[in-house]
Amino acid sequence: MRVISLFSGAGGLDLGLTRWGLEPELVAEIDPLFCRTLQANLTSGTKILNEDVSKLHASDLDVTAYGREVDLLVGGPPCQSFSTGGGRAGLSDPRGNLIFEFIRLINEVRPKVFVLENVANLITAALSHRPIAERPGQRWNLASYASSSQSIDPGVEPMRSEEMSGSAIKYLLEVIQEELNYDISLGVLNSAEHGAPQKRLRLVIIGARDGKAPMLPIATHGEDALPYRTVRDAIWDLRNNAGPGSEYSERLRGYFDLVPEGGNWRSLPTEVAAEAMGQKSLLAGGGKTGFFRRLAWDAPSPTITGKANRKGSAMCHPEFSRPITVRECARLQGFPDTWHFEGGVGSQYTQIGNAVPVELGAAVGKAVTEYLSGSGAVESRSLETMLADASSTLRQAARNKVARKVAA
2 MRVISLFSGA GGLDLGLTRW GLEPELVAEI DPLFCRTLQA NLTSGTKILN EDVSKLHASD
62 LDVTAYGREV DLLVGGPPCQ SFSTGGGRAG LSDPRGNLIF EFIRLINEVR PKVFVLENVA
122 NLITAALSHR PIAERPGQRW NLASYASSSQ SIDPGVEPMR SEEMSGSAIK YLLEVIQEEL
182 NYDISLGVLN SAEHGAPQKR LRLVIIGARD GKAPMLPIAT HGEDALPYRT VRDAIWDLRN
242 NAGPGSEYSE RLRGYFDLVP EGGNWRSLPT EVAAEAMGQK SLLAGGGKTG FFRRLAWDAP
302 SPTITGKANR KGSAMCHPEF SRPITVRECA RLQGFPDTWH FEGGVGSQYT QIGNAVPVEL
362 GAAVGKAVTE YLSGSGAVES RSLETMLADA SSTLRQAARN KVARKVAA
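Under our numbering, the residue at position 240 of the sequence shown is numbered 241, and the numbers go up by one with no gaps.
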């Protein structure tokens, strides 16, 4: 099959797709270091473009090569802020937002199927942002549609439709359906439910040019399914041969020594927590669950970040008071030990933290391959139902985080 990958990063999504015969013949990535990583790992037959995707056109992607159309165009464009700029210009929009550049290339390439993956919170993003302090209603929040459309406070303009939660994704889908004429399936997928030893939510949109879109992959791990894969499953054998990684300062190690397996800053004595966190961080809102976080052996990892040695996004080893290493991070993302990351240790953490878990890519690849072969199920839910289900997944994840905070 002919596959083209854009915004390829270090190759996590593509590696998963390749398990199902969807190996990209061409990849495009703007970061030269990421391209060096791709060059070190991909087969010699893969064309690697170190280019700004916003400057590319179908002619640059060898779309007409081999006399066959493109089966799959895949990408995870960085999601910049949306702004209507006074109008909704669709594909003619000059703003240069990379998610719209990806849509432009879908329209130019016209693949049989496309896969767009992105941050899960794109589901709740607004096209135009109004600061919280300038919104109507003292208790206004993203879910409060009724109050947001009313002038509760004298002199405060009601929220406009483009300022509402979810307006960005609705506009995006409108463009794909009405201007590109692709059918869509979408959902927020938890990587842990698809075999990754890591909880990581991603929005996945699959579009089909001809007919109904493929059904998104069904969870294979969790309640009433296979048990979740855990940190122990992924990295236990690396305990004595973990490879290079960052280190905590002596001061931070002293604090981590007081945090039990699966704990975080809330496990510290009150006076020690105040000293370790600093007053500004301690008094800030939110659960701050990443501060002085130590992983648990027998649970999936929290979302891997590119900064495992920071106290605010800590990924401390379950047993030792050190950050998990580059190779341990890679294992939790599903990269094989043979996958080489170019650059220094800090750059390697970033490449891994930015990647899509390989197992999630494989789950999507299975759905696409079965669809293209004629044996896969198609999506039967309405767009409104899919959006509601995706929002529900986000809300449940937020409730779970609150429950863990209370339990701690």
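The beta-carbon is built from N, C-alpha and C at its ideal position, and this holds for glycine as well.
Taking Cβ positions, are residue i and residue j nearer each other than 8 Å?
i    : j    : result
G335 : E371 : no
I5   : V71  : yes
V346 : S247 : yes
A169 : A126 : yes
E102 : P78  : yes
Y350 : P301 : no
G244 : R328 : yes
I100 : G167 : no
A379 : P112 : Sequence check: residue 379 is Val here, not Ala. Not in contact: V379 and P112 (Cβ atoms no closer than 8 Å).
V110 : L395 : no
R233 : D299 : yes
G445 : P324 : Outside the displayed range of the chain (2 to 409) lies residue 445, so it cannot be described from this structure.
L27  : D63  : yes
L269 : L259 : yes
F35  : G10  : yes
Between residue i and residue j, what straight-line distance do the alpha-carbon atoms span, to the nearest angstrom?
i    : j    : result
P198 : R294 : 17 Å
L296 : T65  : 48 Å
S393 : A399 : 10 Å
N355 : G156 : 43 Å
L204 : L217 : 11 Å
L117 : A277 : 40 Å
G263 : G46  : 44 Å
I177 : I206 : 11 Å
K367 : M165 : 35 Å
L187 : N122 : 13 Å
I49  : R131 : 40 Å
D390 : A220 : 14 Å
Y183 : L73  : 13 Å
R20  : G375 : 18 Å
M160 : I305 : 35 Å
I236 : C330 : 9 Å
N119 : A134 : 28 Å
Q397 : N191 : 12 Å
A226 : P137 : 45 Å
Where does residue i fall in DSSP's three states?
i    : result
H58  : coil
A147 : The predicted position of A147 is uncertain, since its pLDDT is 49 and thus under 50; a value taken from the coordinates is nonetheless stated next. Helix at A147.
A41  : helix
F35  : helix
G212 : coil
N401 : helix
V379 : strand
N355 : coil
H222 : strand
A11  : coil
N119 : strand
I133 : helix
V327 : helix
A184 : A quick correction: the sequence has Asp, not Ala, at residue 184. In this structure, D184 counts as strand in the three-state DSSP scheme.
R140 : With a pLDDT of 46 at R140, under the threshold of 50, the modelled position of this residue cannot be trusted; read the value that follows with caution. Coil, per DSSP.
Sort the options by Cα distance to residue i and report the nearest one.
i    : options                : result
A29  : H318, P270, L43        : L43
G17  : Y350, G362, Y229, A368 : G362
V185 : R382, W237, K402       : Rather than Val, the amino acid found at residue 185 in this sequence is Ile. Among R382, W237, K402, the Cα nearest to that of I185 belongs to R382.
L181 : P337, G377, E320, F115 : F115
E175 : L388, Q397, M2, R396   : L388
N222 : I206, V273, A364, L73  : The question names Asn, yet the displayed sequence has His at residue 222. The candidate whose alpha carbon is nearest that of H222 is A364.
G68  : M2, R267, V75          : M2
P303 : D15, R240, L202        : L202
W266 : G307, W340, L34, F292  : F292
L128 : A235, Y183, S162       : S162
D61  : F35, A41, L7           : L7
H58  : I104, E179, T306, S374 : I104
E320 : A274, D238, G279, K289 : D238
E24  : E385, V369, G279       : V369
W22  : A275, L373, V273       : For the record, residue 22 in the displayed sequence is Gly; it is not Trp. G22 has its Cα closest to that of L373, out of A275, L373, V273.
With a threshold of 7 Å (Cβ to nearest heavy atom), would residue i be considered close to the ligand HEM?
i    : result
V176 : You won't find the ligand HEM in this model; it holds no ligand whatsoever.
- Query: Is the region 202-219 close to the region 308-323, with three or more CB pairs under 8 Å?
  - Reply: Too few Cβ pairs lie closer than 8 Å, so no.
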